[in-house]
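This report refers to the structure that appears directly beneath it.
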Amino acid sequence: MARRHTTVAPASDAPLDSRSASRRLVLVALLVVVLGGAGVWGISRRNPEPWTALGPGGAIVRALAVDPRALHTVYASTSDAGLLAHSPARVEWRALPLAGGDRTDVRTATLDPRDPSIVYAATGRGQLFKSADRGATWIDTRLVGIDTATVVFAIAIDPVEPARLYVGVSGGGILESTDAGATWARLEHPGGTADVVALLVDPTRHDTVYAASAGAGVARSSNGGRTWEPMNNGLTTLAVEALAIEPRPPAVLYAATSGGGVCTAGADGHWHAASRGLTTAVVWALAVDPTRPGTVYAGASGGALFASGDRAGSWQLLPAGLIDTVWALAIDPAEDVLYAGTSGHGVFMRHGH
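For the sequence shown, position 111 matches number 130 in the working numbering, and the numbering has no gaps at all.
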């Protein structure tokens, strides 16, 4: 039997007498003024719908990717159910088995920015798979020098030259392909043996690449990965978990950390603490809204999701509805939908985020 979507609605208020209602109106007016001054007015002014649970129940979602050309189609990388796809045409999630049989531990998946029918999926067993038909069939790209004990954590694609790929792995490795995964070369970077958990290509300067390591902070390359330099000045901790960047100038760079909240950096490469309003120092996921400049979301433990409308100058805790750690975030700008991937409760979505 197909599983129905579950809507998580806010609790209803008790009846108010006229004096209570007047007080409520005053409080609401004050709240609007305060939030507007705090830089989150662009978020709080909207009236988003409640969260809708898409499932699948029990899934540990590590990453999310949205297909910009297929209505409401989202890919979920899970560490227990493999790569899954969801669209309005199907009530349940559709499994996308990778080449060679069952591959349940998928750490991340990324779509080609020019041709989203091309999908790359990375596993916890040292493999990177490629599909040219939205996951119907796959080939193993055979990463050089990587064994099945290696975890592939991150994939980044050059938005200008999408045949150029970067892959981050456990043990401190970064690999590069300039021919869409046909061949690979290992790059040297200053992170040592720390796991490379996030990679990012600057959309405004595509020769600039950022690599985040859990324990070694952030490294930056200004020449397409040939050489790297540490970029940790001002970083609150070296335990960086995720990176995000704005798609157009000033292209603020965001780092989520486990212990230091959120940090931001500009073109000078100097980090600044950006955690005002966060109720936790441990942040696992970030998503930048490509259509609303300065709007960014941060996912944390316990179902906490924060939003900022002023480039992380201040944060607002969004209404409850998520019920577990938020590992992944993604935005569908065409449909104005925010997706959240959780640890053990699958994917949630909300319109009008």
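A virtual CB, placed ideally from N, CA and C, is assigned to each residue, including glycine.
Only buried fits L337, as 16 or more other CB atoms lie within 10 angstroms of its CB.
At a cut-off of 3 residues, the continuous stretches assigned as beta strand (DSSP E) that sit fully inside the segment 265 to 320 are 272 to 276, 281 to 284, 290 to 292, 302 to 307, 315 to 319. The segment 213 to 232 makes contact with the segment 260 to 267, as at least three CB pairs between them are under 8 Å.
The C-beta separation of S106 from A128 comes to about 15 Å, leaving the pair out of contact by the 8 Å criterion. Closest in alpha carbon position to L184, among A235, V138, S196, is S196. The residue from G191, A204, L324, P268 with its alpha-carbon nearest to that of V301 is L324. For H289, the closest alpha carbon among the candidates M250, A201, T314, L257 is that of M250. The distance from the Cβ of T283 to that of A258 is about 17 Å, inconsistent with a contact at the 8 Å cut-off. The three-state secondary structure of G236, taken from DSSP, is strand.
DSSP places G143 outside both helix and strand once states are collapsed to three, so it counts as coil. Of the residues S241, D221, S333, the one whose Cα lies closest to the Cα of G313 is S333.
Closest option to P181, judged by alpha-carbon separation, among G192, L130, P352, L73: L130. In this structure, the beta-carbon distance from S150 to T169 does not fall below 7 Å. Judged by their CB atoms, W157 and L117 are nearer to each other than the 7 Å cut-off. From the listed residues V163, A339, S327, the smallest Cα separation to V307 is found for S327. In this structure, the beta-carbon distance from T223 to P268 falls below 7 Å. Taking a C-beta distance under 7 Å as the contact criterion, W247 and W303 do not qualify as a contact pair.
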